[in-house]
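Per our numbering, residue 646 is the first one in the sequence shown, and the count goes up by one each step. Built from N, CA and C at the ideal position, the CB exists for glycine as well.
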Amino acid sequence: MSTGSVDEPAEPAATRKPLADRLVHEAVDLVRTGGPGAMSLREVQRRAGVSPAAAYRHFRDRDALLLAVAQECAGMLADHIAAALEDAPPFTGEPGSARARLLAVCAAYLDFATGNPGLYRAIFTSDEQIDELTAPSQRARGSAGDGGYNLLVSTLQDLVNATGGTHLNPWDPLALWATCHGLAMLRLDAALRLLPEEAFTHARDRILATITTAVPLESLTHPAGAVAPASQDRPQNQPQTPRKKEAATPARPQQ
């Protein structure tokens with residue numbers, strides 16, 4: 646017995662990836678202006694000009710699309726940090742150059758967070774999204790091919806090496822990340838939001854200068870006999886969240 650529904654024609658293989666790209670692009674635009682809460686599958690479908698059936702071929706639900714958006718945003722953050730490192734003085738093996746580069750990473754992180762609050766918030770909507778920083782998928786690694794957290798780890802390792810250390814304590818990058826994230830959220834949601842820009846800039850520069858210049862070497866390196874982290878992709882013994890299979894991994898759409 647007929648139900649009155651009409652089956653959609655099969656989607657040509659050549660159009661599948663561009664359609665997924667378009668869906669992610671429209672979702673990112675919604676998140677950019679309104680944050681993760683502004684993104685709905687229905688609105689993304691409407692903007693992309695596709696039916697729900699076509700969208701569900703690529704993303705099983707809103708959470709799957711939001712994960713792709715988080716990967717995209719993490720990649721943008723990585724690109725922003727990588728660009729700051731390109732503009733920073735090269736690492737010469739001296740502490741001064743290492744501190745300057747670490748300061749550039751932290752400042753770029755805060756600049757992205759406060760300049761793109763919707764995109765930044767999208768990275769932190771669930772444990773799975775946050776995992777895209779500490780164990781990034783290919784999409785979340787940015788065009789430079791490295792995740793933002795990995796760039797933080799490597800520049801902090803340079804500082805340890807330049808100051809005579811041998812091993813990076815696996816929790817120090819997390820401590821530095823937490824400091825930057827906390828400062829960013831204070832600017833976006835709390836007391837610092839009400840202060841003028843120069844007040845935030847002063848607080849940012851003072852905190853980052855303290856971190857990169859006044860931290861004793863002993864707290865940056867392992868105690869005697871400790872073992873160095875096995876990988877810079879994720880600090881040793883760091884709790885991991887279960888990873889779900891990515892719903893789609895289309896290339897980043899051109900802006």
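Limits of the unbroken alpha helix (DSSP H) element including residue i
i, result
"residue 816", "Note, residue 816: premise wrong, no alpha helix (DSSP H); not H, not E."
"residue 839", "No alpha helix (DSSP H) holds residue 839; DSSP gives it neither H nor E."
"residue 721", "707–732"
"residue 697", "697–701"
"residue 663", "658–679"
"residue 790", "Careful: residue 790 lies outside any alpha helix (DSSP H) and carries neither H nor E."
"residue 683", "No alpha helix (DSSP H) holds residue 683; DSSP gives it neither H nor E."
Top-ranked residue by Cα proximity to residue i, from the options
i, options, result
"residue 803", "818, 689 and 705", "818"
"residue 699", "723, 666, 856 and 684", "666"
"residue 670", "748, 842, 710 and 705", "710"
"residue 674", "718, 741 and 735", "718"
"residue 829", "703, 678 and 759", "759"
"residue 810", "668, 743, 702 and 732", "743"
"residue 723", "820, 782, 701 and 850", "782"
"residue 827", "705, 701, 688 and 849", "849"
"residue 755", "840, 734 and 822", "822"
"residue 688", "855, 668 and 704", "668"
"residue 820", "797, 701 and 791", "797"
Three-state secondary structure assigned by DSSP to residue i
i, result
"residue 742", "helix"
"residue 769", "coil"
"residue 783", "coil"
"residue 612", "Residue 612 is absent from the model: the chain starts at 646 and stops at 900."
"residue 830", "helix"
"residue 757", "helix"
"residue 735", "coil"
"residue 846", "helix"
"residue 808", "coil"
"residue 763", "helix"
Cβ-based neighbour list, residue i, same chain, cut-off 7 Å, excluding 5 preceding and 5 following
i, result
"residue 739", "807"
"residue 676", "683, 684, 714, 763, 764 and 767"
"residue 847", "none"
"residue 747", "800, 801, 804 and 857"
"residue 843", "none"
"residue 692", "671"
"residue 736", "742, 743, 746 and 803"
"residue 855", "none"
Close Cβ partners of residue i (< 6 Å) along its chain, the five nearest in sequence each way excluded
i, result
"residue 753", "725, 726 and 729"
"residue 707", "686"
"residue 751", "825 and 853"
"residue 833", "762"
"residue 734", "742 and 745"
"residue 845", "832 and 837"
Contacts around residue i, its chain only, beta-carbon distance under 8 Å, and the 5 residues preceding and following it disregarded
i, result
"residue 831", "837 and 838"
"residue 694", "none"
"residue 721", "757, 761, 764 and 787"
"residue 770", "681, 711 and 715"
"residue 678", "763"
"residue 732", "749"
C-beta neighbour in chain D for residue i, strict 8 Å
i, result
"residue 754", "The structure shown contains no chain D; it holds only a single protein chain."
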